[in-house]
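> Residue numbers (the working numbering), protein chains in the order written: chain A, 1 to 281; chain R, 1 to 281. Sharing a structure with you now.
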């Protein structure tokens, strides 16, 4: 048995087409949806990711400005820039790219992102509202997990979902979104005693650790739906997921890396930005 | 085998004694720790609970005012009262008691509780910060679960914890607190397919549903530590937990109801209020 490949490209295109249509209408009304991205790193894969977001934004008819503060940026300077862009009426979506300079965290700084512009759900208020069942933008990657499952009509209610990884940007919000869809959700992490035993209970397995090939065939319950959130750069300059290719022997279906969660994440960021522009008075 | 009984009374006393000592010092400096409780219900067990908080507060040397808006209170009036008390420099801790009049929820109204006074962790910002690893008051009941486990030196790191119930006030924050302690955490709920199968994986089982005797012996892994958060009134006017008495045959240890999580919850509310008073300038 080889797993069905659950690509994200089709879904991403559909989301982007819808966002483009609405962006066009807003532009016709004199409102230009605008995503601002703040970066403060020399990390190559981060720069690559930001360029890909910008390309997708422009192609979709959104403005996209990148504010590169440099890898030596002080936390106070990042905070100030986020505050400034939060107050800028021409900016509708605002995200802070990771990694960040040592001595600060996304969680600490993201409070400076205005809630209504927090299109990547990084402000703790967004996560708290999400967990409380109140409207908020979810982190785009976490939302992409559920959007892909929906796109491929994977039932979630009453099913066992296991999320490997407990980050604030993916693992935890993905767990809340799956819980909202009535899945029974387990969160595993580096301290989990027998990871394969736990992941073998998963009808839906979400790998969001950021370690290449952490999930092997032995971790996968036969027939499971596996969503691979990892994007790990290889020495050769390629990207690989958290799931080893051999896992396809046991999985029922599996998202590829690249071309799975990634494009949907970018598309959702753009959708959120258009929504934020739509709501801005 | 019969389970060891993990009472909360000793721990509650220790927390209250510490809070009382600090309250005394603050009072000597002219600052009187003050907990304000807003209620809008005719529910008898709620009224009983509020009176018990007030008794404990006064005994601990804290002021405690109860603002009863009546069961017919409009959401706007509750919001206004919370806003007013949030701005009152003499109030250090502020909580909104449930149940609330129909047409509103704790999650919606609690945004009006100033974050620094949110001693029962009801504001979504508190939950989001908690989930993000940032300082915040946890909901007292959720924190009581982990405080009891700590008091009885139950190891959590790498162990399987199962939380039954996904409420914003208990299940979800308890899951985050257990995750912070490096447990592998599963959240179950009414839509979980085979509840007993899942709860039987639990080395630590937290029952937080609010349904008497939902957890039977068959739900308990032999030797498990069981924390019973339920407080369900019986027709005879007594309180029973979510765990059936027969579960003690399989559990290694078990918190009683009443006298388990309850007193620790109240003590933590008082500790939070004293901390909030301490931080207020």
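Note that the Cβ used here is the ideal one computed from N, Cα and C, for glycine as well. Quick caveat: nothing in here was measured; it's all calculated off a predicted structure.
Flag residue 120 of chain R as yes if its beta-carbon sits less than 8 angstroms from any beta-carbon of chain A, otherwise no.
So no, residue 120 of chain R is outside the interface.
> Taking the Cβ atom as the reference point for each residue, do residue 29 of chain A and residue 251 of chain A lie within a distance shorter than 8 angstroms?
Cβ distance not < 8 angstroms, so residue 29 of chain A and residue 251 of chain A don't count as in contact.
> Return no unless some Cβ of chain A is closer than 8 angstroms to the Cβ of residue 182 of chain R.
Taking Cβ atoms only, chain A reaches closer than 8 angstroms to residue 182 of chain R, which makes this a yes.
> Would the region 147 to 163 of chain A count as touching the region 202 to 214 of chain A if we require 3 or more Cβ pairs under 8 angstroms?
Touching, per the Cβ criterion.
> Check whether the Cβ atoms of residue 50 of chain R and residue 39 of chain R sit closer than 8 angstroms, and answer yes or no.
Yes. Within cutoff.
> In this structure, does DSSP put residue 68 of chain A in helix, strand or coil?
If DSSP states are grouped into helix, strand and coil, residue 68 of chain A belongs with the strands.
> Any idea if residue 129 of chain A is buried or exposed, counting beta-carbon neighbours within 10 angstroms, 16 or more meaning buried?
When all chains shown are included, residue 129 of chain A counts as buried.
> So if DSSP puts residue 249 of chain A in a beta bridge, which residue, or which two residues, is it bridged to?
Beta-bridge pairing links residue 249 of chain A to no other residue.
> May I ask which residues mark the beginning and end of the beta strand (DSSP E) holding residue 227 of chain R?
225 to 228 is the extent of the beta strand (DSSP E) around residue 227 of chain R.
> Under 9 angstroms between beta-carbons, which chain R residues line up against residue 198 of chain A? List them in chain order, please.
Simply 160, 184, 186 and 201.
> With respect to the alpha helix (DSSP H) encompassing residue 92 of chain A, which residues constitute its N-terminal and C-terminal limits?
Here residue 92 of chain A belongs to no alpha helix (DSSP H), and DSSP marks it neither H nor E.
> Against residue 99 of chain A, what residues of chain R qualify as contacts under a CB-to-CB distance less than 7 angstroms, listed in chain order?
Residues of chain R passing the Cβ test: none, with the nearest at roughly 17 angstroms.
> Is residue 34 of chain R helix, strand or coil when you go by DSSP?
Note: residue 34 of chain R maps to strand in three-state DSSP.
> Using DSSP with H/G/I as helix, E/B as strand and the rest coil, what is residue 317 of chain R?
Because chain R is modelled from 1 through 281, residue 317 of chain R falls outside the range shown and cannot be assessed.
> Beta-carbon within less than 8 angstroms of residue 69 of chain R's beta-carbon, same chain only, minus the 5 sequence neighbours each way: which residues are those?
Contacts found: 38, 39, 40, 77, 78 and 81.
> Anything in the region 208 to 233 of chain A with a Cβ closer than 8 angstroms to a Cβ of chain R? List those residues in chain order, please.
Residues: none.
> Near residue 199 of chain A, what residues of its chain come up, given a Cβ to Cβ distance below 8 angstroms and the 5 sequence neighbours on each side ignored?
So the list reads 162, 164, 188, 205, 215, 219, 220 and 221, once near-sequence residues are dropped.
> Take residue 123 of chain R and list the residues in its own chain whose beta-carbon comes closer than 7 angstroms to its own, dropping the five residues that flank it on each side.
These residues qualify, in order along the chain: 110, 111, 113 and 115.
> Would you mind giving the Cβ-Cβ distance between residue 264 of chain R and residue 147 of chain R, rounded to the nearest angstrom? I have them listed as a contact below 8 angstroms.
Between residue 147 of chain R and residue 264 of chain R the Cβ distance is about 6 angstroms, and since that is below 8 angstroms, they are a contact.
> Which residues in chain R have a C-beta closer than 9 angstroms to the C-beta of residue 107 of chain A? List them in chain order.
Ordered by position in chain R, the residues that pass the 9 angstroms Cβ test against residue 107 of chain A are 129, 132, 133 and 134.
> Can you find the residues in the same chain that come closer than 7 angstroms, C-beta to C-beta, to residue 54 of chain A, ignoring five residues on each side of it along the sequence?
Result list for residue 54 of chain A: 64 and 66, in chain order.
> Let me know the secondary structure DSSP gives residue 4 of chain A once reduced to three states.
It is a strand residue.
> Is residue 59 of chain R closer than 8 angstroms to residue 91 of chain R when the C-beta atoms are compared?
No. Outside cutoff.
> Determine whether the beta carbon atoms of residue 127 of chain A and residue 121 of chain A lie at a separation below 8 angstroms.
Yes, they are a contact pair.
> Quick one: what's got a C-beta closer than 7 angstroms to residue 173 of chain A's C-beta in the same chain, skipping five residues either side?
Here the set comprises 121, 127, 130, 138, 139 and 142.
> Which residues in chain R sit within 8 angstroms of residue 126 of chain A, going by Cβ to Cβ distance?
Here the neighbours are 128.
> CB residue 35 of chain R to CB residue 269 of chain R, shorter than 8 angstroms?
Yes, Cβ-Cβ distance for residue 35 of chain R and residue 269 of chain R is below 8 angstroms.
> When we look at the beta-carbon of residue 89 of chain A and count the other beta-carbons within 10 Å, is it buried (16 or more) or exposed?
Looking at its Cβ environment, which holds fewer than 16 other Cβ atoms inside 10 Å, residue 89 of chain A is exposed.
> Per DSSP, which one or two residues make a beta bridge with residue 200 of chain R?
The partner list for residue 200 of chain R (beta bridge, DSSP) is empty, contrary to what the question assumes.
> Residue 154 of chain R and residue 209 of chain R look like a contact to me (Cβ under 8 angstroms); what is the Cβ gap, rounded to whole Å?
Going by Cβ atoms, the distance from residue 154 of chain R to residue 209 of chain R rounds to 21 angstroms, so no, they are not a contact pair.
> If you follow the alpha helix (DSSP H) that residue 141 of chain A is in, where does it begin and where does it stop?
Looking at the DSSP string, the run of the alpha helix (DSSP H) that includes residue 141 of chain A is 140 to 151.
> Have a look at residue 241 of chain A and residue 8 of chain A and give me their C-alpha separation to the nearest angstrom.
One C-alpha to the other measures close to 14 angstroms.
> Can you pull the chain A residues whose beta carbon is under 9 angstroms from the beta carbon of residue 59 of chain R, in chain order?
Result: empty, since nearest Cβ-Cβ is about 33 angstroms, beyond 9 angstroms.
> Who are residue 96 of chain R's beta bridge partners in DSSP?
R/38.
> Where does the unbroken alpha helix (DSSP H) through residue 265 of chain R begin, and where does it stop?
Element bounds for residue 265 of chain R: 261 to 279.
> Just to make sure I have the definition right: I need the residues of chain R whose C-beta is within less than 8 angstroms of the C-beta of residue 157 of chain A. Which are they?
Chain R residues near residue 157 of chain A: 191.
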